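So the protein lines, in turn, are chains P and S. The first sequence begins at 149 in the working numbering and counts up one residue at a time. The second sequence begins at 153 in the working numbering and counts up one residue at a time. Glycine included, each C-beta is placed from N, C-alpha and C at the ideal position. The model shown is predicted, which means the values in this text are computed figures rather than measured ones. Here the structure is laid out as structure tokens; the discussion comes afterwards.
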Amino acid sequence: MTKKANLNYSVQEMISKNKKSNSLGNLVEKLVPIFLLFCAIVSVLTTIGIVFTLLKESLTFFTKVSLKDFYFGTEWSPWTDKFGVAPLITGTLLITVIAICVALPIGLAAAIYLSEYASEKVRRTIKPILEILAGIPTVVYGFFALTFVSPLLGEIFTDMKIFNALSAGIVVGIMIIPMIASLSEDAMSAVPRSLRDGALGLGATKFEVAIKVVLPAALSGIIASVVLAISRAIGETMIVTIAAGATPNMTFDPTQSIQTLTAFIVQGATGDTSYHSVIYNSIYAVGFTLFVFTLLMNILSQYISRKFREDY
Amino acid sequence: MTTIINNNAAFSIEDFNLWYGNDQAIHQINMKIPRNEITAVIGPSGCGKSTLLKTLNRMIETIPSVNTSGSIKYNDKDIFSKKMLVEELRTHVGMVFQKPNPFPKSIYENVAYGPKIHGIKKKKVLDEIVEKSLRGAAIWDEVKDRLNQNAYGLSGGQQQRICIARCLAIEPDVILMDEPTSALDPISTLKVEELIKELKKDYTIVIVTHNMQQAARISDKTAFMLNGELVEFTDTDQLFSNPKDKRTEDYITGRFG
């Protein structure tokens with residue numbers, strides 16, 4: 149109280165004075181949300197623009213090649229006018245399935261270890277290293293697949309091609325391990341300690357707690373991470389372009405050389421295809437197919453994670 | 153784990169000390185916790201009462217850097233010996249926590265969880281265990297028509313009784329309760345207290361509470377702890393009407409804490 153008496157000004161007066169004089173501040177206050185809205189709209193507009201471009205060029209393509217020939221044809225050989233997209237789709241699926249078979253068990257096991265077993269110190273060392281894996285350029289992964297994994301697998305499967313789906317798929321899997329491990333670990337760490345205590349108090353072992361309490365409680369986050377990883381595998385371009393060959397083969401034999409949707413887009417875009425040729429348009433049709441795939445994955449993930457959500 | 157026991161103590165605690173890192177939380181405690189009675193542990197916050205409780209089923213070991221000395225015997229067996237499997241100890245010494253912590257599963261799955269992880273799989277047997285446990289926790293009539301609904305849809309008091317039922321489902325001998333009503337409203341508290349008194353017939357109960365009236369209402373014996381030491385441990389009536397120690401008297405008359 150004595151302090152107030154010593155001051156020859158009132159804080160309240162100063163506040164009200166500053167409020168009145170600060171018209172610039174008021175303007176900023178009004179402009180900020182508009183600016184933020186603009187930033188939000190940019191990404192929406194970009195998406196719309198991409199879909200528009202894809203649709204426009206795809207429609208041009210479908211005036212030259214029928215939808216039926218495109219989606220039900222089984223031979224992809226654009227330079228001899230054969231536009232059956234199925235071999236590219238099977239190629240993409242093959243790579244994705246191999247990648248998930250590699251990444252899901254390893255990524256999930258790593259996540260369980262980091263969240264349930266590792267000490268704080270170990271976790272703080274391993275997690276950043278894991279995340280470095282995610283920062284390696286995919287072109288490096290591509291050459292890793294071609295010059296290391298492929299010869300190694302060649303020792304086991306003697307009749308394997310140098311360019312093959314298996315080594316590309318495995319390396320795509322390695323690439324997405326950190327994504328699954330890191331995001332799943334986040335989801336599992338977010339499960340409250342009280343749930344673990346509840347199970348431990350009933351005589352559950354650590355492993356039972358991890359599998360039967362933490363995993364189900366974190367399931368929606370884990371599924372989200374896996375679906376994100378699958379989308380990433382479907383869209384992966386550089387590794388498959390380098391290591392999987394460029395042979396549109398309708399096969400599920402992983403030792404064969406294949407071509408994915410993305411790898412064809414690269415091939416078509418870097419080759420001497422002329423503007424407005426059928427091949428040029430086919431790039432967009434393939435891109436559109438890819439877009440539909442990842443869109444479906446996203447919708448699926450939203451549906452699944454809502455269905456399996458365990459709220460705590 | 154049925155052995156011939158020649159004294160009436162469920163737990164015998166001898167010269168027990170406990171450290172969190174370098175901080176000693178429990179000093180030289182000696183006490184015998186009687187079988188089939190309700191033992192309350194009271195004391196101000198930070199006095200070590202919850203720590204002591206969590207030591208009895210070794211839940212304290214989930215916290216890193218805990219060290220202990222001295223011995224705690226459960227039914228004459230050292231709980232810290234290498235022969236004692238911690239999972240087995242916890243099936244005999246169950247625990248109910250401060251905040252209701254049902255699993256985010258159905259009411260049925262919550263109660264059946266314990267038996268299931270210990271290998272009981274027959275649907276019919278599980279059905280019986282679930283019903284028996286929910287009746288034992290005095291909540292069967294409230295939930296029997298919605299066993300498949302998520303336990304999180306229940307009120308706090310109901311959730312806590314589900315947690316007690318979950319604990320009863322593995323038929324422990326001892327139930328440890330860590331301030332089980334501190335997160336509940338008065339009516340739910342009353343229901344849980346009545347339940348605890350009911351459970352005394354079949355179980356040894358150790359309850360930590362910072363509510364002295366609650367200790368006086370429900371317990372047979374009361375221990376008063378202060379700064380990690382056991383100040384006084386005697387019959388509840390005796391402790392509240394005629395405390396031997398000056399510090400106990402100060403605490404129960406509200407002069408501190």
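So who's on the other strand from residue i, going by DSSP bridges?
| i | result |
| --- | --- |
| residue 246 of chain S | S:327 |
| residue 170 of chain S | S:178 and S:220 |
| residue 193 of chain S | S:360 and S:375 |
| residue 163 of chain S | S:185 and S:226 |
| residue 387 of chain S | S:373 |
| residue 258 of chain S | S:302 |
| residue 224 of chain P | P:231 |
If we define contact as Cβ-Cβ less than 8 angstroms, is residue i a contact residue for chain P?
| i | result |
| --- | --- |
| residue 280 of chain S | no |
| residue 153 of chain S | Interpretation of residue 153 of chain S is limited by its pLDDT of 40, a score under 50 that renders its predicted location unreliable; the figure taken from the coordinates is listed afterwards. Answer no: the Cβ-Cβ gap between residue 153 of chain S and chain P never drops below 8 angstroms. |
| residue 179 of chain S | no |
| residue 169 of chain S | no |
| residue 316 of chain S | no |
| residue 309 of chain S | no |
| residue 322 of chain S | yes |
| residue 356 of chain S | no |
| residue 235 of chain S | no |
| residue 270 of chain S | yes |
| residue 253 of chain S | yes |
| residue 249 of chain S | yes |
| residue 172 of chain S | no |
What residues of chain S sit near residue i, judged by a beta carbon separation below 7 angstroms?
| i | result |
| --- | --- |
| residue 255 of chain P | Here the premise fails: no neighbours, minimum Cβ distance about 23 angstroms. |
For residue i, go through chain P and note every residue whose CB falls closer than 7 angstroms to its CB, in chain order.
| i | result |
| --- | --- |
| residue 211 of chain S | 345, 348 and 349 |
| residue 201 of chain S | Result: empty, since nearest Cβ-Cβ is about 17 angstroms, beyond 7 angstroms. |
Just to make sure I have the definition right: I need the residues of chain A whose C-beta is within less than 7 angstroms of the C-beta of residue i. Which are they?
| i | result |
| --- | --- |
| residue 353 of chain P | The structure shown contains no chain A; its protein chains are P and S. |
Kindly list, in the order they appear in chain S, the residues whose Cβ is closer than 9 angstroms to that of residue i.
| i | result |
| --- | --- |
| residue 362 of chain P | Within chain S, no residue comes near residue 362 of chain P; the closest Cβ sits about 11 angstroms away, beyond 9 angstroms. |
Mind pulling the chain P residues with CB within less than 8 angstroms of residue i?
| i | result |
| --- | --- |
| residue 246 of chain S | 349 and 350 |
| residue 224 of chain S | Chain P residues near residue 224 of chain S: none, gap ~17 angstroms exceeds 8 angstroms. |
Hey, does residue i have any beta-carbon neighbour from chain S nearer than 8 angstroms?
| i | result |
| --- | --- |
| residue 342 of chain P | yes |
| residue 356 of chain P | yes |
| residue 372 of chain P | no |
Is residue i near the ligand COA, with its Cβ less than 7 angstroms from a heavy atom?
| i | result |
| --- | --- |
| residue 172 of chain P | The model depicted lacks the ligand COA and carries no ligand whatsoever. |
Can you pull the chain P neighbours of residue i, defined as C-beta to C-beta under 9 angstroms?
| i | result |
| --- | --- |
| residue 243 of chain S | 350 and 351 |
| residue 265 of chain S | 346, 347, 350, 352, 360 and 361 |
| residue 385 of chain S | What residue 385 of chain S touches in chain P: nothing, since even the nearest Cβ is about 25 angstroms away. |
| residue 214 of chain S | 341, 344, 345 and 348 |
Please report the Cβ distance between residue i and residue j, rounded to the nearest whole angstrom; I am assuming they are in contact, meaning their Cβ atoms lie under 8 angstroms.
| i | j | result |
| --- | --- | --- |
| residue 291 of chain S | residue 314 of chain S | 7 angstroms |
| residue 415 of chain P | residue 394 of chain P | 6 angstroms |
| residue 434 of chain P | residue 236 of chain P | 6 angstroms |
| residue 410 of chain P | residue 384 of chain P | 7 angstroms |
| residue 521 of chain P | residue 369 of chain P | Examination of residue 521 of chain P is not possible in this model, given that chain P is present from 149 through 460 alone. |
| residue 254 of chain S | residue 311 of chain S | 5 angstroms |
| residue 356 of chain P | residue 269 of chain S | 5 angstroms |
| residue 166 of chain S | residue 246 of chain S | About 23 angstroms; that fails the 8 angstroms criterion. |
| residue 324 of chain P | residue 251 of chain P | 5 angstroms |
_Residue ranges of each alpha helix (DSSP H) within the stretch 327-385 of chain S, 4 or longer_ = Counting only runs of 4 or more, we get 338-351 and 364-370.
_Ignoring anything shorter than 4 residues, give me the alpha helix (DSSP H) runs that lie fully in the stretch 229-290 of chain P, in order along the chain._
Listed in chain order, the complete alpha helix (DSSP H) runs (minimum 4 residues) inside the stretch 229-290 of chain P are 234-260 and 268-283.
_Going residue by residue through the stretch 295-381 of chain P, where are the continuous alpha helix (DSSP H) segments of at least 4 residues, counting only ones entirely within it?_
For the stretch 295-381 of chain P, whole alpha helix (DSSP H) runs of length 4 or above, ordered along the chain, are 298-304, 313-337, 341-348 and 354-357.
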